[in-house]
Amino acid sequence: MMIVYHLLTGKQGGGYMRVQRITKKSIIDPLRKELPDKRLLIWESETRGFGIRVTETGKVAFVFQYRDATGASKRVTIGEFGQPWTVDMARDRAAQMQRAVAEGRDPREEKREARNAITIGQLVDLYLTEGPADRPNKKPSSWKQDISNLGRHVVPLLGDQSARTLTRDQVARWRNDVAAGKSAADAMVGPRSRSIVRGGQGTAARALAAFGAMMTWAVERKHVAENPVRGVETYKGNKKDRFLSESEVSRLNRAMVSLVNDLDMLRPASADCFRMLMLTGCRKEEIASLRWDYIDLERGLLNLPDSKTGQKVVVLALPAVDMLAALRERRTEAPWVFPARRGDGPIGGLQKDWEMVRQWAGVEDVRIHDLRHSFASFAAADGASLLLIGKTLGHRRAETTQRYAHLADDPVRQVANAAAGRIARALTSKSGEPGEHEEQD
1 MMIVYHLLTG KQGGGYMRVQ RITKKSIIDP LRKELPDKRL LIWESETRGF
51 GIRVTETGKV AFVFQYRDAT GASKRVTIGE FGQPWTVDMA RDRAAQMQRA
101 VAEGRDPREE KREARNAITI GQLVDLYLTE GPADRPNKKP SSWKQDISNL
151 GRHVVPLLGD QSARTLTRDQ VARWRNDVAA GKSAADAMVG PRSRSIVRGG
201 QGTAARALAA FGAMMTWAVE RKHVAENPVR GVETYKGNKK DRFLSESEVS
251 RLNRAMVSLV NDLDMLRPAS ADCFRMLMLT GCRKEEIASL RWDYIDLERG
301 LLNLPDSKTG QKVVVLALPA VDMLAALRER RTEAPWVFPA RRGDGPIGGL
351 QKDWEMVRQW AGVEDVRIHD LRHSFASFAA ADGASLLLIG KTLGHRRAET
401 TQRYAHLADD PVRQVANAAA GRIARALTSK SGEPGEHEEQ D
């Protein structure tokens with residue numbers, strides 16, 4: 001401490017010093033080079049009550065000390081040295097606090113009230129604006145889901161609630177409210193678009209996950225002291241895997257043909273997208289956002305750079321290759337295999353189209369994601385191992401597939417061909433007319 005002591009003018013007391021003026025060059029930098037052996041307070045004579053606190057580890061924070069209306073001595077931390085706090089900024093803030101004291105106000109109480117005042121709604125805005133920079137590895141599709149879950153379920157029910165005083169019990173009640181449909185809505189969001197927000201336990205579980213991620217970020221950023229979402233149980237749900245039979249696949253295809261050709265109620269691109277989902281076992285977003293430059297028809301591969309699990313390669317079965325080759329013959333200038341009807345993006349609105357198709361086919365309990373389950377079930381029915389079924393749904397590492405995808409006896413390709421072959425035969429089958437239902441006893 002000798003170098004620092006000689007740099008300072010005035011007296012050194014027990015754990016504190018007083019100087020005429022605090023600057024980065026003359027005070028802070030030397031202190032960070034020669035650390036104090038215990039916490040040190042350095043007060044500035046020029047601005048009454050303004051000082052810095054230096055720890056044994058070299059951490060520097062700006063502080064302001066004053067007496068409140070009762071005469072009690074209080075100290076408030078202005079902020080840590082560094083972005084955004086410079087010495088001049090902190091000194092100006094201390095001067096503002098000194099004026100507040102002269103007016104009979106309490107700076108520490110005002111700071112506490114200001115921190116408590118940040119609402120959940122404001123925190124959502126802050127998270128969605130600044131969070132992506134703090135989470136560079138989080139996928140854009142995941143941020144899109146967070147925008148939806150936070151904007152549709154958190155803000156409407158908790159937007160005005162103080163973020164710092166939110167309790168675990170309040171979060172649990174909010175979860176129950178979302179499940180009960182209290183955040184449900186149905187509104188027009190454009191000339192031809194409407195937003196339908198539903199409740200349910202699955203919706204509540206997804207919203208809770210997004211809420212928890214945001215509050216974890218808020219703790220890291222020191223907007224809140226703890227994460228009240230942690231420890232709140234999520235709904236496990238009664239999720240049932242639904243597998244299509246060959247008859248149901250046929251009925252779905254016949255429904256799509258009728259809706260496209262006879263009734264002009266379904267976009268051809270939507271029908272093609274659903275068929276491709278059936279033939280590949282891919283996720284909806286992987287096919288909806290599929291680009292032509294992701295496809296290697298010669299090798300029968302899809303190279304997906306941004307799937308849910310990261311970069312992966314999907315081995316294409318022959319029926320899928322044939323379908324993509326036919327689509328390529330009539331492709332437009334768009335980079336997407338399934339382009340949007342308007343604009344230059346990929347196809348959208350698939351959920352609404354699927355609800356119409358499944359209703360017309362009489363299989364209303366089938367979700368789009370069940371097409372992926374069904375592909376796996378057809379593979380399992382042909383005796384494929386769980387390991388090979390998993391590989392037909394996509395390798396995470398491109399080099400894993402590249403090593404053997406060209407081989408005629410590639411076991412993954414054999415499984416894909418067998419499963420897709422059964423689905424393709426069902427798609428072209430004349431049985432299972434739309435509207436036909438199996439008789440119930």
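Each residue of the sequence shown is one higher than the one before, counting from 1 in the UniProt record's numbering.
Ideal Cβ positions, reconstructed from N, Cα and C, are used throughout, including at glycine.
Going by beta-carbon coordinates alone, are residue 47 and residue 91 separated by less than 9 Å?
yes
From 67, 75 and 30, residue whose alpha carbon lies closest to that of residue 58
30
Taking the Cβ atom as the reference point for each residue, do residue 55 and residue 36 lie within a distance shorter than 9 Å?
Going by C-beta atoms, residue 55 is nearer than 9 Å to residue 36.
Scan the region 222-285 and note each continuous beta strand (DSSP E) run of 3 residues or more that stays entirely inside, going in chain order.
none
For residue 332, does the three-state DSSP call read helix, strand or coil?
coil
Put residue 30 into one of helix, strand or coil per three-state DSSP.
helix
Per the contact definition of three or more C-beta pairs closer than 8 Å, is the region 336-345 in contact with the region 196-215?
no
How far does the beta strand (DSSP E) with residue 77 in it reach, from first residue to last?
73-80
At which residues does the beta strand (DSSP E) containing residue 44 begin and terminate?
40-44
Identify, in the order they occur along the chain, each residue of the same chain with its Cβ nearer than 6 Å to the Cβ of residue 368, setting aside the five sequence neighbours on each side.
284 and 354
Rank 316, 95 and 168 by C-alpha distance to the C-alpha of residue 420 and give the top, closest one.
316
Is the beta carbon of residue 279 closer than 9 Å to that of residue 370?
no
Just reading off the beta strand (DSSP E) that residue 121 is part of, what are its end residues?
Following the DSSP letters along the chain, one finds residue 121 in no beta strand (DSSP E) but inside the alpha helix (DSSP H) bounded by residues 120-134.
Residue range of the beta strand (DSSP E) that includes residue 147:
No beta strand (DSSP E) contains residue 147, which is instead part of the alpha helix (DSSP H) from 140-149.
Looking only at C-alpha atoms, which of 87, 323, 350 and 228 sits nearest to residue 171?
228
In three-state DSSP terms, what is residue 442?
The structure shown has nothing for residue 442, since the chain only spans 1 to 441.
Helix, strand or coil for residue 312? Go by DSSP, reduced to three states.
Reduced to three states, the DSSP call for residue 312 is strand.
Compute the Euclidean distance between the alpha carbons of residue 276 and residue 254, then round it to the nearest angstrom.
15 Å
Would you report the Cα separation of residue 328 and residue 134, rounded to the nearest angstrom?
40 Å
Terminal residues of the continuous alpha helix (DSSP H) containing residue 372?
It spans 370-381 - the alpha helix (DSSP H) in which residue 372 sits, taken as one unbroken run.
Thinking C-alpha only, which one of 272, 366, 68 and 347 is nearest residue 323?
272
Does residue 261 pass the burial test, meaning 16 or more other C-beta atoms within 10 Å, or should it be called exposed?
An exposed status is given to residue 261, since fewer than 16 other beta-carbon atoms sit within 10 Å of its beta-carbon.
Taking the straight line between their C-alpha atoms, what separation do you get for residue 177 and residue 130?
28 Å
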